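Visitor:
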Amino acid sequence: GSKATVSGSCDGDEKSRVCVQFAGPKDVKDATLKVLVADITPIPGGFRIGEQVFATVDLNIKDTLVARKGDEATVVGSAGGDRKTHVCIRLASRQDGKDDALNALVTHITTLPGGFRIEEQVFATGDIRIGDALVARKGDEAIVVGSSRGDEKTHVRVRFARRRDGKDDNAHVLVTHITACLGGFFIGEQVFATDDLHVEDTLVARKGAEAVVLWSARGDEKTRVRVRFACRQDGNDGTLNALVSEITTLPGGFRIGEQVFATGDIRIGDALVARKGVEATVVGSSRGDEKTHVCVLFARLRAEKADTVFPLVTHHVLAGQITTLPGGFFIGEQVFATGDLRVEGTLVARKGSKATVS
-17 GSKATVSGSC DGDEKSRVCV QFAGPKDVKD ATLKVLVADI TPIPGGFRIG
33 EQVFATVDLN IKDTLVARKG DEATVVGSAG GDRKTHVCIR LASRQDGKDD
83 ALNALVTHIT TLPGGFRIEE QVFATGDIRI GDALVARKGD EAIVVGSSRG
133 DEKTHVRVRF ARRRDGKDDN AHVLVTHITA CLGGFFIGEQ VFATDDLHVE
183 DTLVARKGAE AVVLWSARGD EKTRVRVRFA CRQDGNDGTL NALVSEITTL
233 PGGFRIGEQV FATGDIRIGD ALVARKGVEA TVVGSSRGDE KTHVCVLFAR
283 LRAEKADTVF PLVTHHVLAG QITTLPGGFF IGEQVFATGD LRVEGTLVAR
333 KGSKATVS
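Everything in the sequence shown is counted per my numbering, starting at -17 for the first residue and increasing by one.
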């Protein structure tokens, strides 16, 4: 994409090379080079006619969305009348349904799949493995370093800030495995609040409330993501700038490694696996039923028969079958005192008195 001016032909190699003068520092008197004709183009950005490119950002004409970041296009020529900054491209499929060519800024297109730019900060959209080795967790940060040779259309080459396997090599990853959105979330992804969320003292979302990711929060790109809740508790517009730690893709708003408790007796077939209140650890999502189940590892498994032994394995449970409250109680549940309750000698409730978990 560096700019140069053709200054003449090259003696002795007339058919394959030309002399060009590159725009260099003022203290450099002669920046003339002999280059192959295939290595230069009159199109801004160094693009060639027919070259496959990808949008680096969402492209709009006035208020109409024409292309999403990563959408594929083909270069058809320079943009007439604005040759130094724009390129004429034809999108494989325009978001507005039209088939017209589009004049795009050279900074708004790239040859890297996914619309990523070299040195762009990206995040893993999920766990990334090479063979059996875990390389990155969802949300881990990386820098794009180039295209992935031999698989140009689907992969890019990135360098993670810290690889989980301890290596320092670049990794070739699918473009769908990285995103420019903080936390490794992508536009339109379904997420859940990891805790009750407040704006100042006003409750806006309960733990487990469902939302959709819109993008990184402007002006606070490093810590927050803009989401839209299906329904805000305060009745206002559903959008909210949430900390990445305040949302998760796990149903119920649970986090990997979080301690939870069974809200009732849990069975596998006819066998009792866990009593209400039995402790477990969340280990991940439940594949194939992402919106309703999570995968947990119980601290101990309870069997009705003494000779029944369960192996130490994970179990897929409904999000509503576990809670972060000790004892397996959940907010709003009706409970009763198991005995007389006193505070500093003062009787506050008799055995059997009714209460609500708050």
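For each residue, glycine too, the CB sits at the ideal point set by N, CA and C. All values derive from a computational prediction rather than experimental measurement.
Nearest to V339 by alpha carbon, out of G327, D322 and V317?
Guide: Of G327, D322 and V317, the residue nearest in Cα terms is V317.
Visitor: Between V242 and V194, how many whole angstroms is the CB-CB distance? I'm expecting something under 8 Å.
Guide: Wrong, their Cβ atoms sit about 25 Å apart, outside the cutoff.
Visitor: Report the rounded CA-to-CA distance for F211 versus K149, giving the unit in angstroms.
Guide: When rounded, the distance between both Cα atoms is 39 Å.
Visitor: Would you list the residues sitting across from G234 in a DSSP beta bridge?
Guide: BP columns for G234 are empty, so no partner.
Visitor: Can you give me the C-alpha to C-alpha distance between T93 and H275, rounded to a whole angstrom?
Guide: In a straight line, the C-alpha of T93 is about 40 Å away from that of H275.
Visitor: Which one of C163, H137 and G165 has the shortest CA to CA distance from N152?
Guide: Comparing Cα-Cα distances from N152 to each of C163, H137 and G165, the minimum goes to H137.
Visitor: Nearest to H154 by CA position, among F167, E171, D147 and S130, is which residue?
Guide: Closest option to H154, Cα to Cα, is S130.
Visitor: What does the alpha-carbon distance come out to for the pair A262 and G190?
Guide: For A262 and G190, the distance between alpha carbons rounds to 18 Å.
Visitor: Rounded to whole angstroms, what's the CA-CA distance from G234 to F311? Just pull it up for me.
Guide: Distance between the alpha carbons of G234 and F311: 15 Å.
Visitor: Buried or exposed: which applies to P308, given that a residue is buried once 16 or more other Cβ atoms fall within 10 Å of its Cβ?
Guide: The residue in question, P308, is exposed, as its Cβ has fewer than 16 Cβ neighbours within 10 Å.
Visitor: Run through the segment 23 to 79 for me and flag every whole beta strand (DSSP E) of 3 or more residues, listed as ranges in chain order.
Guide: Qualifying beta strand (DSSP E) stretches, in chain order: 34 to 37, 41 to 43, 46 to 49, 54 to 60 and 68 to 73.
Visitor: From the DSSP output, read off the bridge partner residues of K16.
Guide: DSSP output for K16 lists C1 as bridge partner(s).
Visitor: Is it buried or exposed, H159, if we count other Cβ atoms within 10 angstroms and call 16 or more buried?
Guide: By the 10 Å Cβ count, H159 comes out buried.
Visitor: Does the structure place the segment 68 to 81 close enough to the segment 111 to 131 that three or more beta carbon pairs sit under 8 Å?
Guide: No, they do not touch.
Visitor: So who's on the other strand from Q241, going by DSSP bridges?
Guide: BP columns for Q241 point to T263.
Visitor: So, with DSSP's three-state summary, where would you put A285?
Guide: In this prediction, A285 scores a pLDDT of 49, lower than 50, which makes its location untrustworthy; the coordinate-derived value is nonetheless stated afterwards. Coil, per DSSP.
Visitor: Can you give the Cα-Cα distance for G62 and G170, rounded to whole angstroms?
Guide: Roughly 36 Å separates the two Cα atoms.
Visitor: Excluding sequence positions up to five away, which residues of its chain have a Cβ less than 7 Å from the Cβ of V58?
Guide: Excluding sequence neighbours, V58 sits near I31, C70, I71, R72 and A83.
Visitor: Name the DSSP beta bridge partners of S198, please?
Guide: DSSP output for S198 lists V207 as bridge partner(s).
Visitor: What distance in whole Å lies between the Cβ atoms of V207 and C163, which are believed to be in contact at a cut-off of 8 Å?
Guide: Their Cβ separation, rounded to whole angstroms, is 7 Å, which keeps C163 and V207 in contact under 8 Å.
Visitor: Rounded to a whole number of angstroms, what is the C-alpha to C-alpha distance between S(-9) and R(-1)?
Guide: Approximately 7 Å between the Cα atoms of the pair.
Visitor: Looking only at DSSP bridge pairs, what is V299 linked to?
Guide: DSSP, once it has assigned bridges, lists V276 as partnering V299.
Visitor: Report the residue from F280, D45, R50 and K66 whose alpha carbon sits nearest the alpha carbon of K(-15).
Guide: The option with the nearest alpha carbon to K(-15) is K66.
Visitor: Any contact between the segment 300 to 307 and the segment 217 to 224? By contact I mean 3 or more CB pairs, one from each, below 8 Å.
Guide: No, the segment 300 to 307 does not touch the segment 217 to 224.
Visitor: Do you know how far the Cα of S268 is from the Cα of E286?
Guide: At E286, the pLDDT of 47 sits below 50, so the modelled position is not reliable; the number obtained from the coordinates is stated separately. Computed Cα separation, rounded: 26 Å.
Visitor: In whole angstroms, give me the CA-to-CA distance for V88 and S60.
Guide: For V88 and S60, the distance between alpha carbons rounds to 10 Å.
Visitor: Quick check: what's the CA-CA separation for G97 versus L179?
Guide: In a straight line, the C-alpha of G97 is about 33 Å away from that of L179.
Visitor: How is T89 classed by DSSP in three states: helix, strand or coil?
Guide: In this structure, T89 counts as helix in the three-state DSSP scheme.
Visitor: What's the C-alpha gap between G251 and H297?
Guide: Taking the straight line from one Cα to the other gives about 12 Å.
Visitor: Return helix, strand or coil for V226, following the three-state DSSP convention.
Guide: V226: helix per DSSP, three-state reduction.
Visitor: State the DSSP-derived secondary structure class of T158, mapped to helix, strand or coil.
Guide: Of the three classes helix, strand and coil, the one that applies to T158 here is helix, per DSSP.
Visitor: L94 by DSSP, collapsed to three states: which one?
Guide: Coil.
Visitor: Quick one: residues in its chain with C-beta nearer than 7 Å to the C-beta of V140, no 5 flanking neighbours on either side, listed in chain order?
Guide: Cβ neighbours of V140 beyond the five flanking positions: V104, A124, I125, V126, V127, N152, A153, V155 and I160.
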